[in-house]
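Novice: In our numbering, the protein residues as written are 20 to 90. Quick one: structure below, then a few questions.
Structure representation (structure tokens):
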């Protein structure tokens, strides 16, 4: 359950960072992901890492103890 909570917090932190903090950042449209400013990359990577942590925690709980997930 800790991984699910932690992944949710990381996801929402990345969403807030991407929406609020990176509002006025100029991003080059012709470049790839690594050409973006660091603040934008961190926000996007936090979103992705949060989703992956939640999914992997749910799958791990389904394999090890599915009854605990239903509580």
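Each residue gets a CB set at the ideal place from its N, CA and C atoms; glycine is no exception.
1) Mind checking which residues open and close the alpha helix (DSSP H) that includes residue 85?
2) Quick check: the Cα distance between residue 61 and residue 50, rounded to an integer number of angstroms?
3) Could you tell me the distance, in whole angstroms, from the CA atom of residue 34 to the CA atom of residue 26?
4) Smallest Cα separation from residue 55: which of 82, 66 and 41?
5) Does the Cβ-Cβ distance between residue 59 and residue 77 come in under 8 Å?
Specialist: Short version:
1) 85-89
2) Straight-line Cα distance between these residues: approximately 17 Å.
3) 12 Å
4) A check of alpha carbon separations from residue 55 across 82, 66 and 41 identifies 41 as the nearest.
5) no
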